[in-house]
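Each remark here refers to the structure printed beneath this line.
Protein chains: 4
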Amino acid sequence: MAATTLRQQVYAALPVGEDHRGAAWMAALVIGNVVLATAATLLQSVPELQPHIATNTSIALLLCGSIFFAELLLRFWTAPECDRLWRTFPVLGKCGAYLFSFHGVIDLLACVPLVFVLAGFASTGWLSLFGVIPLFKLSRYVTSLELVGAAIHNERHTLMALVLTLGLLLVVLSTCLFLIEREAQPAQFKSIPHTMWWGIVTLTTVGYGDMSPVTLTGRILGGMTMLIGIGMLAMPTGVIALGFANERRRRELLQNWKIVSGLPLFKGLDANWISEISGLLRSLIVPAHVIVITKGEFSTSLFFIVDGEVEIDLFPAPRRLKSGDFFGEAGLLQNKPRSATVTTVKPTRFLVLGLAEYQSLISRAPDLRQKLEETAAQRTRESR
Amino acid sequence: MAATTLRQQVYAALPVGEDHRGAAWMAALVIGNVVLATAATLLQSVPELQPHIATNTSIALLLCGSIFFAELLLRFWTAPECDRLWRTFPVLGKCGAYLFSFHGVIDLLACVPLVFVLAGFASTGWLSLFGVIPLFKLSRYVTSLELVGAAIHNERHTLMALVLTLGLLLVVLSTCLFLIEREAQPAQFKSIPHTMWWGIVTLTTVGYGDMSPVTLTGRILGGMTMLIGIGMLAMPTGVIALGFANERRRRELLQNWKIVSGLPLFKGLDANWISEISGLLRSLIVPAHVIVITKGEFSTSLFFIVDGEVEIDLFPAPRRLKSGDFFGEAGLLQNKPRSATVTTVKPTRFLVLGLAEYQSLISRAPDLRQKLEETAAQRTRESR
Amino acid sequence: MAATTLRQQVYAALPVGEDHRGAAWMAALVIGNVVLATAATLLQSVPELQPHIATNTSIALLLCGSIFFAELLLRFWTAPECDRLWRTFPVLGKCGAYLFSFHGVIDLLACVPLVFVLAGFASTGWLSLFGVIPLFKLSRYVTSLELVGAAIHNERHTLMALVLTLGLLLVVLSTCLFLIEREAQPAQFKSIPHTMWWGIVTLTTVGYGDMSPVTLTGRILGGMTMLIGIGMLAMPTGVIALGFANERRRRELLQNWKIVSGLPLFKGLDANWISEISGLLRSLIVPAHVIVITKGEFSTSLFFIVDGEVEIDLFPAPRRLKSGDFFGEAGLLQNKPRSATVTTVKPTRFLVLGLAEYQSLISRAPDLRQKLEETAAQRTRESR
Amino acid sequence: MAATTLRQQVYAALPVGEDHRGAAWMAALVIGNVVLATAATLLQSVPELQPHIATNTSIALLLCGSIFFAELLLRFWTAPECDRLWRTFPVLGKCGAYLFSFHGVIDLLACVPLVFVLAGFASTGWLSLFGVIPLFKLSRYVTSLELVGAAIHNERHTLMALVLTLGLLLVVLSTCLFLIEREAQPAQFKSIPHTMWWGIVTLTTVGYGDMSPVTLTGRILGGMTMLIGIGMLAMPTGVIALGFANERRRRELLQNWKIVSGLPLFKGLDANWISEISGLLRSLIVPAHVIVITKGEFSTSLFFIVDGEVEIDLFPAPRRLKSGDFFGEAGLLQNKPRSATVTTVKPTRFLVLGLAEYQSLISRAPDLRQKLEETAAQRTRESR
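The structure is reproduced here in structure tokens:
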């Protein structure tokens, strides 16, 4: 029992970016360690510095490697606590699932330099590639990347099609330019594969200038290649912008859904009703320091807070509500006057369920009304 | 009769990307063949490799050419089975229509190297261009390209206008820069056409660096040219992004339309009613493993599945419904309680027709009700 | 009277892109002439060609100039017929307005080479700039440019702000880089103005490579400059894309407005009612060869055709309706069964006014009903 | 009292871009001064010009510095009048808040060259950086920048994630290319940090061409780097475009909110009612010279002017209403016929509150009706 508790405690202390979970000093240790390992690898490659820092680098790699190894062991041990790893492997169970996940592989590869340093090899040459792999550990802490990743994932078919088109155009345009330029510049445009370097440098508008056409026909084809390159640049931009907007809207809808389905008032309703209720909600954005409802009035809306904060001037002390809370259900269900004034503290986004919408909802399903009122009454008895 | 059947079988085996029709090994053969032909052509152009691979290349080209020729013959023979070629030609009928379609021309050109190899010519020089043309055959398998193509097609007038404007600016800016720079760098800025090479390289932000202004006035004009270039780059991006979004929305609307008009329930209704019904449908996105309707309840909506999958817990075995199926029509038409619980298996997108919307629909057209109920009753008798 | 008629005839023959007015051969003459004049100017600047084509060029310029002069005279003479020039000048009236309009100035400048050729000067050097100015005449024929122009015009404040920010960043970043690099490369980074050339080349991602930092600090600042450059490139793209989408939507709204206010049925209604009616219209997109209304049915919608074409199977000959026409008003106003079947010929976009919306419209304004029915009755008496 | 008045007058004369407040000549003086100071600093750095303009530059810097110092003093003195500085500092109060605001720091730094010139030092070398800092003063006058800034601020998490990803890719790709190319070009690809210069130049598609891979593997990796660079370029564009569109819509909503809540008719209503009313308003865009309401008619809408101008043909003189005004409330509240015809003078955007929407509003809250009518009656008594 104690061991389990310890494991849970350790798991809770290991930082993961998603929900800003984990001890702050541990996140600082891991990030600092990644930066140190990368810096050591980069500096090690500078010839002038090598005589001066060779020993320091080895020590740094040894130290970083040890910490990465400790992190790997801890994450491997606490893997069964993680509820994001839903697959279980035949061998090692959830621990195996961790080892074969993206982050598990990265955590493992980050320990490779340690092995070589311990084995007495200098971690130079191709081994130094393992010195920069720990950088991918940082992706644990940058949660906005997930949104970008989802946008790209949604549009992956279109983006793949664009990359294939680019490849097709690259081969065809390079073949044409090779045939045009090979006589004027045989040293530079040696073969079609050589000319493809010109092609990709031009299509992406990088333009190093190490190869460029000099004949009139070649320059006309080169100009067309550039225009096609601009078009190829415009298309993924449009596609990703659209994928981004769609992913945002989808997440917003799912957030509304989660807010409504997470309310005690609507517990136990099936997806169709939750969706109908979500659709009846009105979005309301209010600046800071504005009165939302006034004490004693007969307005009848129920307010869910999506973002921001409000203050209810209750006696003896005002109470603050934040994202996920709601208020005003007495007005909606029992038609009572407002018992307190509510003011926004920050700019706040609400979802509002008006009386008219509520009426139209329960008129379509009389048994829903009973259910809702029972739930509300029970909630009042229980928690307030 | 047997011949027709054989032709149909061959047609069905020939791969076309659109509906992933055709035998997988045949698609692999064609794609592998295209890759082989292109690789042979590219490697043939490398001077160092030519003595070593000359014979192999000829054999490869002979082999690839034969397969392309066989493909051409099969596609030509089975053309009458294809329902996408709606035009018939005076000579050869549908087979002629195939020969003059984009893919027919490509398939024909892909066989050209075979002819030259058989005739004893080396397929080098300009002939090697025919070696990369088979790449266009791949566009048969990349169906996302169609969406990109439609987006560009919708905005073709605006894009043409942008290309014309670019040409206009190119001539005018190059003329100005030529007049400014010809004295400082007479060797490089020889004439207006020569300066236009600088113009296109700068306007597209490629920037090879083989020509660049050195005088103060020339550099100021050069800087303005770059800013104009950025603007010219921004405009097609905006235009294509918008065209893309519009094309997506249009396809989504047409998909809804197709779902509704394809239902037995609404068979025989004219465009106006289909459109009204489409407009009354509510979109509903539900995560995986959520209960959509509960057995015994009195909810009254009809659900069409657009994307995803649901499971109905029927006795003795649960049944799965996928994209294009629908359920819940008994609740809508006969006001019966739900006879089974339905749960999503994957994240699913529904179109939902509520009772209120259905009522408002049939109140506007009493004869529609009778029609719908007759169709539903008949459908119940027939298929369930 | 005859003179006026001649002027009107000439005016009608002069091509203007807007409404594809004018004789096709005249448009071809003007466009060919512009291309010829530009080509002559461009070729004249090539030193190798000058001895060979000097005489031909002079003749070409003389010919083109004469045609441009004739065009100028004709447009000047017919200016009073043009209803797009709404301002009248104190001197010369509408003819003066033409001379001072954008196209008037271009038409005038296009004749300058003619004057110099007649005066015996060679039209080389800076004079050759006048040889490419006729290109701007082409903007008369590219009407999509107007949409692009409107999008840029709507966002001009934001775009100006971006250009100013770019200038500010250019000066500050160039000053910093000059201070960093002047010791390492005194020959290249001579002064702040010289370094600004590096700045603009880098911020716009052109990157000629004639100047680039070599010190570590300089390269770090250079890298930051490039990232800022990418950001500066992203912003106008976003702004223009948004401006484009807004301009499109605005034009679509105005088109709906124009369709509704142009109908005899709604003639004489004020802006508020037109707007209410526009708001009640439902957009309906139908593929080709679909039945929109069926003869003998009791559906009650009024259809306006926005884009596309439909066929009414009237006896003895079917009748085709196009963009701007409408049908089905008998169903809406007199509740009669449909008298004919209507089928789409092309993919067609309709605006549909349903009975429910019409009822809610006239219930709010009883006098509107009377007005509408009077108009409809009168229209039936008059034209059908 | 007089002193306060003087301070207020001075404050009112000091230009701030936000509301185009301040004397025009004062804005011209400040802007001219900034341009002069920057020009002097830029020219001072040109070696050829230094002997000629050394004295003039010192005088110019002395003059500009004095004016900047005077501006600083005036702004410091009048800071208590500014209602945008809401924080008060323990020392100096609002004056301290000004000194530590962005513009305060800029105003202070702009005076640094003056100190050095007075102290007898030449303001060259790193000191010349202070000569271009006054450019940031111009950001006071470019208010569109605020919208751009807000769009970037909204998306800062995503943009930061993109910059981090770019950094990660930069290190990993540069390490790989260094390992590939170091043998072929040891002089150029000296170490990983050196190769990172190639990496950032390629990922941003700048492409100076001072370093580029020559081996086959290096060029393949280089091509992939370019494609990744295009993707990295596409993503911020999409993100910023979306942030821009969202920020625009949010500002439009807040503007509607401000218009409605600022009306005497709706004074004292809480946020929920204001929001409901805002939601009931219909947007109406009308071209110029169109009749909006006709005298004597019984239409019943209330019009708020958002943008543009209308003319009411009152006797004896017509009256013009602009952005923020409203008309037609008699029709809505008292159901009277229109007392005058209203015509648009410019293209105008209205918000319209129809009778039906008003009825549904007051049916939900009977006490609101009484409140509104009392307010309206009082307003009629008071102001008309």
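As given, the protein sequences belong to chains A, B, C and D, one line each in that order. Each step along the first sequence adds one to the number in the numbering used here, with nothing skipped, and position 84 is 84. Count along the second sequence from 1, add 384, and you get the number used in the numbering used here. Count along the third sequence from 1, add 768, and you get the number used in the numbering used here. Count along the fourth sequence from 1, add 1152, and you get the number used in the numbering used here. Ideal Cβ positions, reconstructed from N, Cα and C, are used throughout, including at glycine. Bear in mind the structure is a predicted one, so any value in this text is a computation, not a measurement.
Can you grab the Cα-Cα spacing for the pair LEU552(B) / MET794(C), in whole Å? Rounded to the nearest angstrom, the two C-alpha atoms are 21 Å apart.
Could you list which residues in chain D have their beta carbon closer than 7 Å to that of ALA241(A), in chain order? THR1389, GLY1390, ALA1393, LEU1394, listed in chain order.
Name the chain A residues whose beta carbon is nearer than 8 Å to that of LYS1342(D)? Neighbours of LYS1342(D) on chain A, chain order: VAL46, PRO47.
Write down the C-beta distance between LEU1379(D) and THR204(A) rounded to the nearest angstrom, noting that I regard them as a contact closer than 8 Å. For LEU1379(D) against THR204(A), the beta-carbon gap comes to about 7 Å, under 8 Å, which counts as contact.
Classify MET992(C) as buried or exposed, calling it buried when 16 or more other Cβ atoms lie within 10 Å of its own Cβ. Exposed: under 16 other Cβ atoms inside 10 Å.
Could you give the C-beta distance for ILE192(A) and THR175(A), rounded to a whole number, given that I count them as a contact under 8 Å? The pair is a contact, with the Cβ atoms about 5 Å apart (cut-off 8 Å).
With distances taken Cα to Cα, identify the nearest neighbour of VAL342(A) among ALA1423(D), VAL1504(D), SER1515(D). The option with the nearest alpha carbon to VAL342(A) is ALA1423(D).
Do three or more CB pairs link the region 1328 to 1347 of chain D to the region 1387 to 1405 of chain D at distances below 8 Å? Under the Cβ criterion (8 Å, minimum of three pairs), the region 1328 to 1347 of chain D does not count as touching the region 1387 to 1405 of chain D.
Reference ILE1443(D); option with closest CA among SER1512(D), LEU1329(D), LEU1201(D), LYS1498(D): Comparing alpha carbon positions, the residue from SER1512(D), LEU1329(D), LEU1201(D), LYS1498(D) closest to ILE1443(D) is LYS1498(D).
Bridge partners for PHE1071(C) per DSSP, in chain order? DSSP links PHE1071(C) through a beta bridge to PHE1095(C), VAL1120(C).
Just verifying my parser: in three-state terms, what is the DSSP assignment at SER959(C)? Secondary structure of SER959(C) (DSSP, three-state): coil.
Residue-chain proximity (GLY591(B), chain A), Cβ-Cβ < 8 Å: Yes, contact with chain A.
Taking CB distances under 8 Å as the criterion, tell me whether THR1190(D) reaches chain C. Contact of THR1190(D) with chain C is assigned, a C-beta pair being separated by under 8 Å.
Residues sharing a beta bridge with GLU1077(C), DSSP: Paired residues: LYS1090(C).
Assuming LYS28(A) contacts ALA60(A) under a Cβ cut-off of 8 Å, what Cβ separation, rounded to an integer in Å, is found between them? Looking at the sequence shown, residue 28(A) is not Lys but Ala. About 17 Å separates the two Cβ atoms, so there is no contact after all.
Rounded separation between SER747(B) and ALA150(A) - CA only: Rounded to whole angstroms, the separation of the alpha carbons of ALA150(A) and SER747(B) is 44 Å.
List the DSSP bridge partners of THR1112(C). Per DSSP, the beta bridge partners of THR1112(C) are VAL1078(C).
Amino acids of chain C, ordered along the chain, whose beta-carbon sits closer than 9 Å to that of ILE1437(D): What ILE1437(D) touches in chain C: ARG1018, LEU1021, LEU1022, TRP1025, SER1043.
Residue burial classification, ALA805(C) (beta-carbon count within 10 angstroms, cutoff 16): Its Cβ being crowded by 16 or more others within 10 Å, ALA805(C) is buried.
Taking LEU897(C) as the query, report the chain B residues whose CB atoms sit under 9 Å from its CB, ordered along the chain. Simply VAL556, THR559, CYS560, LEU563.
Rounded to whole angstroms, what's the CA-CA distance from LEU166(A) to LEU519(B)? Just pull it up for me. Taking the Cα positions, LEU166(A) is about 12 Å away from LEU519(B).
By Cβ distance, which residues of its chain are closer than 7 Å to VAL1186(D), with the 5 residues on each side in sequence left out? The answer, listed in chain order, is PRO1286, LEU1287, LYS1289, LEU1290.
Can you give me the C-alpha to C-alpha distance between GLY480(B) and ILE490(B), rounded to a whole angstrom? So the two alpha carbons sit approximately 14 Å from each other.
Three or more C-beta pairs below 8 Å linking the region 1216 to 1223 of chain D and the region 980 to 992 of chain C: With the cut-off at 8 Å, the region 1216 to 1223 of chain D and the region 980 to 992 of chain C do not touch.
Is there at least one Cβ from chain B nearer than 8 Å to ILE230(A)'s Cβ? It does; some Cβ of chain B falls within 8 Å.
Is the beta carbon of VAL1564(D) less than 8 Å from the beta carbon of LEU930(C)? What the structure shows of chain D is the stretch from 1153 to 1536, and residue 1564(D) is not part of that stretch, so it cannot be assessed.
Less than 8 Å separating the beta-carbons of LEU99(A) and LEU108(A)? Yes, the pair counts as a contact, with Cβ atoms nearer than the cut-off.
Can you confirm whether the region 348 to 358 of chain A touches the region 280 to 289 of chain A when touching is taken to mean that 3 or more C-beta pairs between the two stretches lie within less than 8 Å? Short answer: they touch.
Quick one: what does DSSP say ARG338(A) is sitting in, helix, strand or coil? Residue state, collapsed to three classes: coil.
By Cβ distance, which residues of its chain are closer than 8 Å to LYS1488(D), with the 5 residues on each side in sequence left out? Result list for LYS1488(D): ALA1482, in chain order.
So with CB distances below 7 Å, who are the chain B contacts of SER212(A)? Per Cβ cutoff of 7 Å: TYR592, ASP594.
According to DSSP, is VAL34(A) part of a helix, a strand, or is it coil? Annotated three-state conformation of VAL34(A) is helix, per DSSP.
Does DSSP classify SER1364(D) as helix, strand or coil? In the structure shown, SER1364(D) sits in coil (DSSP, three-state: anything other than H, G, I, E or B).
Extent of the continuous alpha helix (DSSP H) run through ILE451(B): Run containing ILE451(B): 434 to 462, per the alpha helix (DSSP H) assignment.
As a quick exercise: from ILE1457(D), GLU1428(D), HIS1204(D), pick the residue whose alpha carbon is nearest that of ILE1411(D). Ranking ILE1457(D), GLU1428(D), HIS1204(D) by Cα distance to ILE1411(D) puts ILE1457(D) first.
In angstroms with no decimal places, state the Cα-to-Cα distance between GLY509(B) and TYR1360(D). Answer to the nearest angstrom: the Cα atoms are 33 Å apart.
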